[in-house]
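Visitor: If you read the sequence shown in our numbering, its first letter stands for residue 364, the second for the next number, and so on. Just so you know, even glycine gets a beta-carbon here, dropped at the ideal spot from N, CA and C. Being a predicted model, the structure only gives us computed values, none of them experimental. Questions regarding the structure given below will be posed in turn.
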Amino acid sequence: MKPAITVPRVAFVVDLSGADPDQANAARVHHLVHLFSGHRLPATWTVDSPERVVQLRKQHTSPEKVEVALKIDRHWLSPLSSQSQFRAELESRISALTAASGTSTHLVVGDPQLLRSRVAILAEQGVTGIFAERQNCSTPAKLRPLPCGLWQLEPGFCIPPKRSLLNLLVRRCPTTKQLLAVKEANPTLVMVQSTELGRAGARALQGLEKLRREMSWASSRAQWMVATVGETVAELADHRAVQPQQSILRSAA
């Protein structure tokens, strides 16, 4: 069993899917990759094609440690799509990502309401976690167990934040102080949306750069533990597995 973690934990998910392959988007992806890998802090990268994985590995300073998650679009989750069609499509896409990344793909990103009815098929392909895309990150994040040993995870913070009536002009990046203010035993999950970051302007990217510098400094002093979503899910599964044993021991005592 892993030792108990007493410091706050955070996991970053960087969504690289959906970006047009133009020069501006390619430069932003390159900048994001080096922003994370340069500070030696892990992240989980959401992709929708093996070509994006190849690009990611070429740019990452530690390609053997790159963790990717498969973006599942709504169009191949339509009610008209049968379970067998979904199974075949999922197997094909995960196999392509595994071949491109050199590591197994255990995470998907999509709409949990559409994916929960397909957890058995996801489990067949080795998927252990569903990371939800939230339209509003102003409410506390949720981590919940699903059937077949899967976990559903939702981000507590989005970068850049969604526009609101109170924040029409500046889309401020969350600060380390705000992350530390989350008083929960579960990890803090942060979603970084590459396409939206490009639309938000230079200030949003500068805010992310500042946050990463602060996180790197705090991590080096053991004030934070930064992990991938895959590591987070594995820890949740381990904790869930030992709970029945602990209950039996307490009863026997």
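Please determine if the region 404-411 and the region 432-447 are in contact, where contact requires at least 3 C-beta pairs separated by less than 8 Å.
Guide: yes
Visitor: Here's a check: name, in chain order, each residue in its chain whose Cβ is nearer than 8 Å to the Cβ of Ala462, leaving out the five neighbours to either side.
Guide: Pro413
Visitor: Let me confirm a value: Ala590 is counted as buried when at least 16 other C-beta atoms fall within 10 Å, else exposed. Which label applies?
Guide: buried
Visitor: Would you report the Cα separation of Glu454 and Gln488, rounded to the nearest angstrom?
Guide: 7 Å
Visitor: Let's see if you can read the secondary structure: which residues bound the alpha helix (DSSP H) around Trp619?
Guide: The structure shown does not extend to residue 619, since the chain is modelled only from 364 through 616, so no value can be given for it.
Visitor: Is Leu599 buried or exposed, if buried means 16 or more other CB atoms sit within 10 Å of its CB?
Guide: Buried: at least 16 other Cβ atoms inside 10 Å.
Visitor: So who's on the other strand from Arg435, going by DSSP bridges?
Guide: A small correction: the amino acid at residue 435 is Ile; Arg does not occupy that position in the sequence shown. Its beta-bridge partners do not exist; DSSP assigns none.
Visitor: Drop a sphere of 10 angstroms on the beta-carbon of Leu477, count the other beta-carbons inside from all chains shown, and report buried for 16 or more, exposed for fewer.
Guide: That one is exposed.
Visitor: Evaluate Ser447 with the Cβ neighbour count: other Cβ atoms within 10 Å of its Cβ, from every protein chain shown; 16 or more gives buried, anything less gives exposed.
Guide: Under this definition Ser447 is an exposed residue.
Visitor: Quick check: the Cα distance between Arg391 and Leu574, rounded to an integer number of angstroms?
Guide: 17 Å
Visitor: Just to confirm, are Glu452 and Gly593 a CB contact at a threshold of 8 Å?
Guide: It is not a contact, given that the beta carbons lie outside the stated cut-off.
Visitor: I need the straight-line Cα distance from Lys349 to Ser464, nearest angstrom please.
Guide: It is not possible to answer for residue 349, since the shown part of the chain is limited to 364 through 616.
Visitor: My output table needs one value for Gln515: the three-state DSSP class, helix, strand or coil.
Guide: strand
Visitor: With distances taken Cα to Cα, identify the nearest neighbour of Phe494 among Ser445, Arg456, Arg450, Val555.
Guide: Val555
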